[in-house]
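Single-structure report; data block below.
2 protein chains.
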Amino acid sequence: MPAIISDSPTAGLQVKESNVDVLIVGAGPSGYMAAIWFAKLGINARIIDKRGTKVFTGQADGLQPRALEVFNSFGFAHRPAKEASVGFESCYYEPDPNGNIHKVARKVEGVVGISRFNGSVIHQGRIEQWFTDAIDEFSNNTLKVERPIIPESLVVDESKIQDQSAYPITVTVKKLSDEDATPEQFGHKLENGLYRQFAGDQEREFTHPPESREIIHAKYVLGTDGAHSWVRKQLGIVPEGESTDYIWGVLDIVPITNLPDIRKRCAIHSASNGSIMIIPRECDLVRFYIQLKETEREPEVGSSAGTQSRVDRSKITPEAILDRARKILHPYTLDVAETHWFTGYQIGQRVAPKFEKWERVFIAGDACHTHSPKAGQGMNISMMDTFNLAWKIAHVVQGKASPAILQTYEQERRQVAKDLIDYDFKLSRLFSGKPGTGEGTISTNEFRDFIDKGSAFTTGCTVDYDASVLVSKPMREDSSIKYASPLATQLFIGMRFPDNRLVMQCDGRPWFIHDKMPSDGRWRLLCFCGDFKSSPALAAQLVAVGDYFSSPKSFITKYTPTDERVDSVIELILVHASDANNVEWDDFPLAFRPRDRL
Amino acid sequence: MPAIISDSPTAGLQVKESNVDVLIVGAGPSGYMAAIWFAKLGINARIIDKRGTKVFTGQADGLQPRALEVFNSFGFAHRPAKEASVGFESCYYEPDPNGNIHKVARKVEGVVGISRFNGSVIHQGRIEQWFTDAIDEFSNNTLKVERPIIPESLVVDESKIQDQSAYPITVTVKKLSDEDATPEQFGHKLENGLYRQFAGDQEREFTHPPESREIIHAKYVLGTDGAHSWVRKQLGIVPEGESTDYIWGVLDIVPITNLPDIRKRCAIHSASNGSIMIIPRECDLVRFYIQLKETEREPEVGSSAGTQSRVDRSKITPEAILDRARKILHPYTLDVAETHWFTGYQIGQRVAPKFEKWERVFIAGDACHTHSPKAGQGMNISMMDTFNLAWKIAHVVQGKASPAILQTYEQERRQVAKDLIDYDFKLSRLFSGKPGTGEGTISTNEFRDFIDKGSAFTTGCTVDYDASVLVSKPMREDSSIKYASPLATQLFIGMRFPDNRLVMQCDGRPWFIHDKMPSDGRWRLLCFCGDFKSSPALAAQLVAVGDYFSSPKSFITKYTPTDERVDSVIELILVHASDANNVEWDDFPLAFRPRDRL
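As given, the protein sequences belong to chains C and F, one line each in that order. To convert, note that position 555 of the first sequence is 555 in the working numbering; the numbers rise steadily by one, no gaps. Positions in the second sequence are counted from 1; adding 598 to them yields the working numbering.
Here you go:
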């Protein structure tokens, strides 16, 4: 409903005014991941972004197995399987005694058996398209990214934050003119990422009058608005950490080269020209991460974040990056058939001390943590932030869960961010260091060993959340110790459920168990009854458990509305270990085989 | 361009007149399969259908592994994997001494290892939707089914059939009024298939004036217009074969039953109430094929096709079919939560003596062959007809192939149809017969044995085409003998290429080889160089073959336009058997590793 507002910044203007359960600020991967949850669960949500168009090239490109598992849970993992470059092998090149690089190792990529998915790479715009298509489907085309829109003010009425029916947050937003919606490309014709790299360069000014303004009253606000997050600034949260002296360039090109492993991931240390990481991409593209000379920087100027100096952005050109790449790759040659995108970055590691305020306004993704891109983690951890957060907000909004579950977001995700920062700090040092044995050099054996040991971590499948209102286990002194219940010794509480293959009793079809646990907002209770056909004790327990779940006093009955399917809130899944040839369908209690659709 | 036509049926009317390379009459599965080829290959084609809307329920539902492989070659095999019911187990029920049915066997469905796909079932409308989506994508939304349109006349100018630039076929079509586009449902409110079953009932009259008429000049016409094909009649082709006395009903329902194997495929012979086949379907649906009493028929009235009598259609109701099903299933119970579709059919087997005329007008699918639905073959064989035919027409239209290849269509596909008719004849007799050991009964052991032996045939993966201008092998006396070249003893010439898994040399990614052979109109040449790293003779041969393919005199060079990619007409794929750890990319001749994108 329109209203006349008397206060700045909308003084005298007729502005639209509206209510929404959740407002998402920023449509990058973490914003999209929040939006897909809200679309799937039918939450009244909106998502705004300051860019006039979606991303078309470049940016983040790495999808780790855990992110692909989550895509699968939303039904679109077939798209990376068909479109992305999937990593299966890595090669390591190091200097030989003559100073030429040569291959020293070839390894299987990732960790065999940890996930059915392998790490995959494709440009961020394509990934955002998959989200868009799925969100369109789930929301019946009602949840769309609104652009180019930026927030101007955020006010929270603290007297209302305990009231779940209130809209305590007021955000004023404005729709940008087309001129303001297109970021400068810093003198390069080619679309590139320079405008968004190098901390401190980011404050863009919007000089044209906005097309319109709107006042949005929200129950929850998510700031998924990147490393220079506006939402984070409103909360007064300052990221902690530092930049390093390591400067790297990125090139997305179709290469012409005689390097034999150009379609494999390669980590290359040269004798004295720096390092390269090679990531084959979709179609014939290859991404090169190329270490630049440290001298290509301006003199130190000081900065709010500490002692680092600034990079001379004008020297970061595709030609300069390519020139450096050729020196590192010698004696192999490198030419370019097409250049799609480039950028430069100064390695730094920062993490926000807080991820939310009032349990009402949250930040996620790059707004919470920034680091170097080479571990291929950034987009993944950012998406997993909101995969963790958004269903919790949805449950609270729907009245299905206590707001107390919201505190687990920062508790769980900030630890992940800190672990990533630690990993990236070590990786950056080893990747950017000069190989050798003397002072100031790094051991390439140590580098390879570090990557090997970190390969489980980088799949994203080993995250282990601490005890909380959602994770029922003892508090631990040492977070590296996994905790399993004595009754299910291979299932570690607080970790992602392993994606084992099981045969469905009713039709004999083999399934990955994750395919039976889609992200649809339902809770699932898995019961393991072992070889109940060979054990009268287990069989009796199974009957007792089934009787309980069928009874009016069971919590499933209690929390399921009587006019909904019996599995609409909590789905029971029974896993048995008896010989399928000796098991009939009616051997199972009715609780585990509901016979109709209500 | 509009024109005034003076002859009937368009006398005095202003009608549109147009040219098209291929006109497809009938948008069922075989019509869609033709359309997807033409969309993919950029052929100027149109497809018309007399129905006002697409199919929404019922009809055919069985997809065999070979059809799924073809879907995969067009990029949409993930859709049945996600949406359809996939068959993994079958159960057999037979009468016990008390006359109650009981389970006598449980078997793995299909043939392990023959294909990565298992037979899948889902209603025909969904399958047509997958085609529609892919055709939209390939044709950029230009090739759409035009409805409700029927052909009125087909005239061929025989003087032009040798001229590939001419349009020798003239088809007049009319757009039906909405009233005429909706087939009668024979008194039942529920959408059903009765209007299209029972030979002789089909001649519908269109009594309302058409909305418009059009004269279409075509190079080729495909009649994929079903068992009562109008195109077939214009060609004067009369199917040969007979009906049997076996009458079956079909019910698509959400059942409530205590039959323990309701989510598996079941073949059930009762003592004296007839037989049932159970096919679990998408969502919670199950299709029941239910044998009806033979007495539920009208007295013999004679028919053009021979001695069979007609069925009293009014007695085929969901209630009557369900009643019979309950008698057969005794002592198991059957209730219905939802009924989606039903039909009845009289088993018969017919095949057309000719599949084309002038090598210009072709018929395919049910227009060529009709039989009982229980082997789940009809839709598959129909789609494979046009999968076989349409790329050949496309190649001739594009000037890439001689019209002589068109003769292989009838030669190849009529044999497949005859084999199917033979199979169906035996299966129908065994399925519809009364179990027992006396005269007039059938042996259920023989029935199960027949299904076992036929399971490879019904996958669709064992079709073996004879020698022709396309298939280079000796003419055979006995068509059951497979022929392999002495140089590749496990590849049988005339058969589908086996879908083995191979590891890609360049990136280490394992692929099913079919994924590297999409249906994109290119020819592929697979070279097998064995363990060339261990054999100097093989290595020398590889170099010689590579030199040939890179030379101006190679047929690849000859047939590839100089401004197109080297693999745009014929793609070379090299398969080696050396240890991948000892093979480097530059061990291969350049012909097998083109280094750029042109």
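Note that the Cβ used here is the ideal one computed from N, Cα and C, for glycine as well.
Residue i, DSSP secondary structure in three states
i       : result
C:H330  : coil
F:Q657  : coil
C:D579  : coil
F:N670  : helix
C:H269  : strand
C:W511  : strand
C:L542  : helix
C:M495  : strand
C:L420  : helix
C:D201  : Bear in mind that the predicted position of C:D201 carries a pLDDT of just 40, short of 50, making it unreliable; the figure below should be weighed with that in mind. If DSSP states are grouped into helix, strand and coil, C:D201 belongs with coil.
C:N388  : helix
F:M875  : strand
F:Y1157 : helix
F:F729  : helix
C:P209  : coil
C:E158  : helix
C:E571  : strand
C:G378  : helix
C:Q415  : helix
F:P1187 : coil
C:N192  : strand
Option in the options with minimal Cα separation from residue i
i       : options                       : result
F:G723  : F:D1050, F:G626, F:P663       : F:G626
C:A39   : C:F528, C:S535, C:S519        : C:S519
F:Q1103 : F:A1178, F:Y818, F:G1058      : F:A1178
C:A591  : C:A537, C:I573, C:F88, C:L176 : C:I573
C:K233  : C:I363, C:E17, C:I114         : C:I363
C:E356  : C:I513, C:C91, C:V221         : C:V221
F:V706  : F:S757, F:V620, F:C864        : F:C864
C:D21   : C:A394, C:S443, C:R414        : C:A394
C:S90   : F:G1106, F:R885, F:V710       : F:G1106
Residue i vs residue j beta-carbon contact at 9 Å
i      : j      : result
C:E69  : C:R116 : yes
C:T441 : C:G376 : no
C:Q411 : C:Y483 : no
C:E128 : C:I47  : no
F:G660 : F:G708 : no
F:P951 : F:V836 : yes
C:A337 : C:I451 : no
C:V25  : C:D284 : no
F:G791 : F:Q612 : no
C:A84  : C:E240 : no
C:K175 : C:P148 : yes
C:K418 : C:V471 : no
C:G365 : C:I347 : no
C:I247 : C:Y345 : yes
Per-residue contacts from residue i into chain F (C-beta, under 9 Å)
i      : result
C:C266 : Neighbours of C:C266 on chain F: none; closest Cβ ~11 Å, over 9 Å.
Neighbouring residues, chain F, relative to residue i (Cβ below 8 Å)
i      : result
C:D586 : N856, P858
Partner residues on chain C for residue i, Cβ-Cβ distance less than 7 Å
i      : result
F:R861 : C506, D507
Contacts that residue i makes with chain C (C-beta to C-beta distance below 9 Å)
i      : result
F:V684 : D507, R509
F:P878 : C506, D507
Beta-carbon neighbours of residue i, restricted to chain C and to distances below 8 Å
i      : result
F:E687 : D507, G508
F:P951 : Chain C residues near F:P951: none, gap ~42 Å exceeds 8 Å.
Whole-angstrom C-beta distance between residue j and residue i, which should lie under 8 Å
i       : j      : result
C:F431  : C:S554 : C:F431 to C:S554, Cβ: 54 Å. No contact.
F:A1054 : F:I712 : 6 Å
Within chain F, partners of residue i - CB distance below 7 Å
i     : result
C:H78 : H676
Cβ-heavy atom distance, residue i to the ligand COA, below 8 Å
i     : result
C:K82 : Looking for the ligand COA in the displayed structure turns up nothing, as the structure carries no ligands at all.
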